[in-house]
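Working notes, beginning with the structure itself.
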Amino acid sequence: MWWETTITALLTLAIYTILVGDNPIFKFAEHLLLGLSIGYSLVVTVKSILIPQAIAPLGDGQWAALIPVILGSAMFLRVHPRLAPWSQIPLALLIGAGAGAAIPAMMQARVLKQTAATISGSGTVDGVIILLGVLVTLMYFVFTRRHTGAWGRAAVAGRYFMMIFFGATFAYTVMSRMALLIGRLEFLLSDWLGVI
Amino acid sequence: MSMLRDRLTILTAATAGVFMVVQYFVTSPGMDATYRAILNWMQVIFACALMVGIAAVVKNHIVRLRRRRAERPYSLVLLASVAAMASMGFSGGIDQGSSFLWAFNHLQAPMQATVFSLLAFYVTSAAFRGFRARSVESAVLIAAGLIVLIGRVPLGEQISAQLPAAAEWIVNVPALAAKRAILIGIGLGMVATALKVIAGVERTYLGGR
Chain A
1 MWWETTITAL LTLAIYTILV GDNPIFKFAE HLLLGLSIGY SLVVTVKSIL IPQAIAPLGD
61 GQWAALIPVI LGSAMFLRVH PRLAPWSQIP LALLIGAGAG AAIPAMMQAR VLKQTAATIS
121 GSGTVDGVII LLGVLVTLMY FVFTRRHTGA WGRAAVAGRY FMMIFFGATF AYTVMSRMAL
181 LIGRLEFLLS DWLGVI
Chain B
1001 MSMLRDRLTI LTAATAGVFM VVQYFVTSPG MDATYRAILN WMQVIFACAL MVGIAAVVKN
1061 HIVRLRRRRA ERPYSLVLLA SVAAMASMGF SGGIDQGSSF LWAFNHLQAP MQATVFSLLA
1121 FYVTSAAFRG FRARSVESAV LIAAGLIVLI GRVPLGEQIS AQLPAAAEWI VNVPALAAKR
1181 AILIGIGLGM VATALKVIAG VERTYLGGR
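Chains as they are written, first to last, in the working numbering: chain A, 1 to 196; chain B, 1001 to 1209.
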């Protein structure tokens, strides 16, 4: 519908007004976006996590669900200055369990798989370049050894490999943001104004 | 009292951490059930933490509404939009055709996309101001960035037929090598930090105590 598109277009333009400097129109749009995002998170969290995993099981008489409810409620102690430190216990469970889950997951996904892919692909010229690139970049990150002599030269080569990676990553970032910009401009010029 | 509480906190983190590591290697129905229960608990605690954050933002804006005259209209917009979105979601549901989903599709999502697209301007402006080939490293970075940028758009093929292939090679060989090394480094770093948390050496989550 035209009026829906007009509202969306006006809000899009309101956000773009920041390009000429901070102004009340942008501030209005910014606060509206923040409020909508907070409201969205609130509804989705309650409907997809709290109701099915805490409130509904308690309603069915599954009293084990009381444990996360009590731990979760302890998070609210943060608002009280004297009781706030007790909110660290549920936080410790989150951090401890997250750390424990991360050890095998990180070893598997980040260290072993990447190492295996690097070694298994070393049968070609490109594979050898990748293997050498991985080695010299890792050597750059060894800070317990002085970067002098052969080690230092390898570390410098590692730095060049990283610069190539940062350059490529920058190019991808620019392209993805440009794609979003083109999408928004296409919406304004085509969907809203119909000039293209 | 505070020492007992700190010990209890460290013990909770250590027990949960050790259990999560052990359950990866040992499979039994009891272990799997406990693992799933802990994952559910984590989600509920995380949801409650999010609620605390939301309450803090709302409280701050209520305070702003009372004290700062210039900021009042914006705080009012924020509080009204939180209330509107929440009431639409709780009363009308979040399914297809609901006003909640309408607000998400026609207000929130386009505005978010616009905010992210703004970065195109800032990234370009930062590149113009910051990209000076003052050293060999920065020259390599600029060259790699330009080749990938131009090689991945239709213009690149018109400039030279080799440019897209060069961009592809840069992404798939030298950039991949550095990416893998960085990923291995991050993985090892995360494992080391996780071990420090479980062993109680890393205690920054206790507020630096």
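Ideal placement from N, C-alpha and C gives every residue a C-beta, glycine not left out. Note that the coordinates shown come from a computational prediction; the quantities given were computed from them, not determined experimentally.
So which residues of chain E does residue i contact, with C-beta pairs closer than 8 Å?
{"i": "Thr1027(B)", "result": "Judged by its chain identifiers, the structure shown contains no chain E, and its protein chains are A and B."}
Does DSSP put residue i in a helix, a strand or coil?
{"i": "Pro1110(B)", "result": "helix"}
{"i": "Leu94(A)", "result": "helix"}
{"i": "Pro81(A)", "result": "coil"}
{"i": "Asp1095(B)", "result": "coil"}
{"i": "Arg1072(B)", "result": "helix"}
{"i": "His1061(B)", "result": "helix"}
{"i": "Val1173(B)", "result": "coil"}
{"i": "Glu1202(B)", "result": "coil"}
{"i": "Asp1006(B)", "result": "helix"}
{"i": "Leu1101(B)", "result": "helix"}
{"i": "Asp191(A)", "result": "helix"}
{"i": "Gln62(A)", "result": "coil"}
{"i": "Ser1028(B)", "result": "coil"}
{"i": "Met1(A)", "result": "coil"}
{"i": "Trp72(A)", "result": "First, the amino acid is wrong: residue 72(A) is Gly here, not Trp. Note: Gly72(A) maps to helix in three-state DSSP."}
{"i": "Ile1054(B)", "result": "helix"}
{"i": "Ile89(A)", "result": "helix"}
{"i": "Ile223(A)", "result": "Lying outside 1 to 196, the shown extent of chain A, residue 223(A) is not represented and no answer is given."}
{"i": "Gly1207(B)", "result": "coil"}
So, at 7 Å on beta carbons, what are the nonlocal neighbours of residue i in its own chain, with the 5 sequence-adjacent residues on each side left out?
{"i": "Leu11(A)", "result": "Ala29"}
{"i": "Ile1170(B)", "result": "Ala1144, Ile1147, Val1148"}
{"i": "Thr137(A)", "result": "Gly158, Phe161, Met162"}
{"i": "Leu118(A)", "result": "Per the sequence presented here, residue 118(A) reads as Thr, with Leu not at that position. Same-chain partners within the cutoff: Ile130, Leu131, Val134."}
{"i": "Gly1092(B)", "result": "Ser1098, Ser1099, Phe1100"}
{"i": "Glu1071(B)", "result": "Arg1064"}
{"i": "Gly1200(B)", "result": "Ile1010, Ala1014"}
{"i": "Ser122(A)", "result": "Val128, Leu131"}
Suppose the cutoff is 8 Å on Cβ atoms and the five residues either side in sequence are ignored; what does the same chain contact list for residue i look like?
{"i": "Leu1076(B)", "result": "Leu1065"}
{"i": "Thr1012(B)", "result": "none"}
{"i": "Ile89(A)", "result": "Leu71, Ala74"}
{"i": "Thr1087(B)", "result": "In the sequence on display, residue 1087(B) carries Ser and not Thr. No residues qualify anywhere along the chain."}
{"i": "Gly152(A)", "result": "Arg146"}
Check whether the Cβ of residue i lies closer than 8 Å to any heavy atom of the ligand FAD, and answer yes or no.
{"i": "Met1085(B)", "result": "Within the structure as shown, the ligand FAD is missing, as the structure has no ligands at all."}
>> Counting only Cβ-Cβ distances shorter than 8 Å, please list the residues of the region 1172-1203 of chain B near chain A, keeping chain order.
In response: Asn1172, Val1173, Pro1174, Ala1175, Leu1176, Ala1177, Ala1178, Lys1179, Arg1180, Ala1181, Ile1182, Leu1183, Ile1184, Gly1185, Ile1186, Gly1187, Leu1188, Met1190, Val1191, Thr1193, Ala1194, Leu1195, Val1197, Ile1198
> What are the complete alpha helix (DSSP H) segments, minimum 4 residues, inside the region 11-45 of chain A?
Replying inline: 24-45
> Mind listing which residues of the region 10-22 of chain A have their C-beta closer than 8 Å to chain B's C-betas, in chain order?
Replying inline: Leu11, Thr12, Ile15, Tyr16, Ile18, Leu19
> Using a Cβ cut-off of 9 Å, which residues of the region 163-193 of chain A contact any Cβ in chain B, in chain order?
Replying inline: Met163, Ile164, Phe165, Phe166, Gly167, Ala168, Thr169, Phe170, Ala171, Tyr172, Thr173, Val174, Met175, Ser176, Arg177, Met178, Ala179, Leu180, Leu181, Ile182, Gly183, Arg184, Leu185, Phe187
> At what residue ranges does the region 1120-1161 of chain B contain a whole run of the alpha helix (DSSP H), taking only runs of 4 or more?
Replying inline: 1136-1151, 1154-1159
>> Can you pull out the residues from the region 129-151 of chain A whose beta carbon lies closer than 7 Å to at least one beta carbon of chain B?
In response: Ile129, Ile130, Gly133, Val134, Thr137, Leu138, Phe141
>> If the cut-off is 9 Å on Cβ atoms, which residues from the region 1008-1032 of chain B count as contacting chain A, listed in chain order?
In response: Leu1008, Thr1009, Ile1010, Leu1011, Thr1012, Ala1013, Ala1014, Thr1015, Ala1016, Gly1017, Val1018, Phe1019, Met1020, Val1021, Val1022, Gln1023, Tyr1024, Phe1025
> In the region 1136-1152 of chain B, which residues sit with their C-beta less than 9 Å from some C-beta in chain A, listed in chain order?
Replying inline: Val1136, Glu1137, Ser1138, Ala1139, Val1140, Leu1141, Ile1142, Ala1143, Ala1144, Gly1145, Leu1146, Ile1147, Val1148, Leu1149, Ile1150, Gly1151, Arg1152
>> In chain order, what are the residue ranges of uninterrupted alpha helix (DSSP H) at least 4 long that sit wholly in the region 99-175 of chain A?
In response: 113-120, 125-140
> Which of the residues in the region 23-36 of chain A, read from start to end, lie with their CB under 7 Å from any CB of chain B?
Replying inline: Lys27, Phe28, Ala29, His31, Leu32, Leu33, Leu34, Gly35, Leu36
>> Which residues of the region 97-109 of chain A have a Cβ closer than 7 Å to any Cβ of chain B? Give them in chain order.
In response: Ala97, Ala99, Gly100, Ala101, Ala102, Ile103, Pro104, Met106, Met107
> Name the residues in the region 43-64 of chain A whose C-beta lies less than 8 Å from a C-beta of chain B; which are they?
Replying inline: Val43, Val44, Thr45, Val46, Lys47, Ile49, Leu50, Gln53, Ala54, Ala64
> When Cβ atoms are compared, which residues of the region 1103-1114 of chain B fall closer than 8 Å to chain A?
Replying inline: Ala1103, Phe1104, His1106, Leu1107, Gln1108, Pro1110, Met1111, Gln1112, Ala1113, Thr1114
> What residues from the region 113-128 of chain A come within 8 Å of chain B, judged by C-beta to C-beta, listed N to C?
Replying inline: Gln114, Thr115, Ala117, Thr118, Asp126
> Which residues, in order along the region 1113-1127 of chain B, keep a beta-carbon less than 8 Å from a beta-carbon of chain A?
Replying inline: Ala1113, Thr1114, Val1115, Phe1116, Ser1117, Leu1118, Leu1119, Ala1120, Phe1121, Val1123, Thr1124, Ala1127
> Listed in chain order, which residues of the region 1053-1065 of chain B have Cβ atoms closer than 7 Å to some Cβ of chain A?
Replying inline: Ile1054, Val1057
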